[in-house]
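Protein chains in written order, with my numbering: chain W, 23 to 173; chain B, 23 to 173.
Here a beta-carbon is modelled for each residue, glycine too, at the ideal position from N, C-alpha and C.
Just so it is clear, the structure is predicted and the values come from calculations on it, not from any experiment.
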DNA sequence: AGCATATCCTATCTATCAAGTAGGATTCAA
DNA sequence: TTGAATCCTACTTGATAGATAGGATATGCT
């Protein structure tokens, strides 16, 4: 699960918008709040707008705000908007894969892996991520032995 | 969770070796069994060897075999050997991330997402993946409503 | 010894993409 | 009308994925 710079930035921007919801905030304010390059932030906000996750207003007093309440937008949606599907195998979606021989059962494994990712990223709203009050299932994952250790 | 061509190929090769364990199989046989470019398969097998997941023998009658029993190697280990860490955020490990403002809780979310991925890929052995007899927890994920549908 | 068949090593190629920058056209409130 | 903002198109730069090429090295068999 590789999260790109775009993806990380998008989530940080979305969280900032969530915390200020429903106020309208400019790209430069958002960028400096999270220490991101302004122009790049603009590009990302364009993606989020096209995905209907944020609404924008031009002109003085313009800026961006979440298109829905922060409890109704998941982190997964934000990531998908800028990075595409959450899980892909060699550029294909898990259920589109197909193999022969000893690998015939692999598609099921890819689908399971994607389901696991979704069970976290699609189940956590911006509101929860901003407040740190994660769903129990998710919180349990971070409490597990070894969850914070590299492998 | 993007699985690269290398990653996918590595798992398919590993599964083929698992099915034939403990026989020694040549790179060309493995490659044609799974329809992969032979030279590329050699590179990947080199990675797997350096990670001590396969053992190799040179010369006529040479080839590759799993370094351990297929029930003692997880799919996650194979993927790590060729693609590096299972989860990274902007090139960093989840527990190494750190943010300010509305994103302070984000590292916990990244760690949870990684734990979710691990709970599938590190809990499924090559033997299980080859036979299709996945652990209950994993099998349940593929049975869930919508698990096979794109988003 | 010699040969066939493997692994193994180094180097190279090409296309694509990520990340970020540049400049300016457009919109809008005061 | 002016200042501040979004929005649009284009570009640069570097790294990486996904191979391929050629040959050096090892090994079993006859």
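Cut-off 8 Å between Cβ atoms - residues of its own chain near residue 107 of chain B, not counting five sequence neighbours on either side: 115
DSSP-derived helix/strand/coil call for residue 95 of chain W: coil
Span of the alpha helix (DSSP H), counted from its first residue to its last, around residue 160 of chain B: 158–165
C-alpha gap between residue 61 of chain B and residue 51 of chain B, whole angstroms: 12 Å
Chain-order list of residues whose beta-carbon lies under 8 Å from that of residue 134 of chain B (same chain, five-residue window excluded): none
Nonlocal neighbours in the same chain, by C-beta distance under 7 Å from residue 160 of chain B, ignoring five residues either side: 142, 145, 146
Near-chain W residues of the segment 126–139 of chain B (beta-carbon distance less than 8 Å), N- to C-terminal order: 126, 127, 128, 130, 131, 132, 133, 134, 135, 136, 137, 138, 139
Any C-beta of chain B under 8 Å from that of residue 59 of chain W: no
For residue 152 of chain B, the nearest candidate out of B:38, B:46, B:72 (CA to CA): B:38
Three-way DSSP call (helix, strand, coil) for residue 121 of chain B in this model: coil
Member of B:80, B:59, B:101 whose CA lies at the smallest distance from the CA of residue 69 of chain B: B:101
Rounded Cβ spacing between residue 89 of chain W and residue 169 of chain B (contact assumed at less than 8 Å): Rounded, the Cβ-Cβ distance is 28 Å, inconsistent with contact.
Alpha-carbon to alpha-carbon, residue 163 of chain B and residue 139 of chain B: 12 Å
Burial state of residue 79 of chain W, where buried means 16 or more other Cβ atoms lie within 10 Å: exposed
CB contact below 8 Å: residue 33 of chain B versus chain W: yes
Contacting positions in the segment 150–173 of chain B - beta carbon closer than 8 Å to chain W: 151, 152, 153, 154, 156, 160, 161, 163, 164, 166, 169, 170, 171, 172, 173
Test: residue 97 of chain W CB closer than 8 Å to a CB of chain B: yes
Runs of alpha helix (DSSP H) lying entirely within the segment 57–86 of chain W, each at least 4 residues, in chain order: 60–72
Contact under 8 Å by Cβ, residue 32 of chain W with residue 86 of chain W: no
Own chain, CB closer than 8 Å to residue 120 of chain W, minus 5 neighbours either side, in chain order: 129
Exposed unless 16 or more other CB atoms sit within 10 angstroms - verdict on residue 92 of chain W: buried
Extent of the continuous alpha helix (DSSP H) to which residue 38 of chain B belongs: 27–42
Rounded C-alpha distance that separates residue 99 of chain B from residue 113 of chain B: 19 Å
CB contact flag (residue 57 of chain W, residue 104 of chain W, <8 Å): no
Short CB-CB distance (under 8 Å) between residue 146 of chain W and chain B: yes
Beta-carbon proximity of residue 63 of chain B to residue 148 of chain B, cut-off 8 Å: no
Per-residue contacts from residue 26 of chain W into chain B (C-beta, under 8 Å): 112
Per-residue burial, residue 34 of chain W [other beta carbons within 10 Å of its own, 16 or more giving buried]: buried
Buried or exposed (CB count within 10 angstroms, at least 16 for buried), residue 54 of chain B: exposed
Neighbour list for residue 63 of chain W in chain B, Cβ cutoff strictly below 7 Å: Neighbours of residue 63 of chain W on chain B: none; closest Cβ ~14 Å, over 7 Å.
Rounded C-alpha distance that separates residue 59 of chain W from residue 158 of chain B: 46 Å
8 Å Cβ cutoff, residue 37 of chain W in contact with chain B: yes
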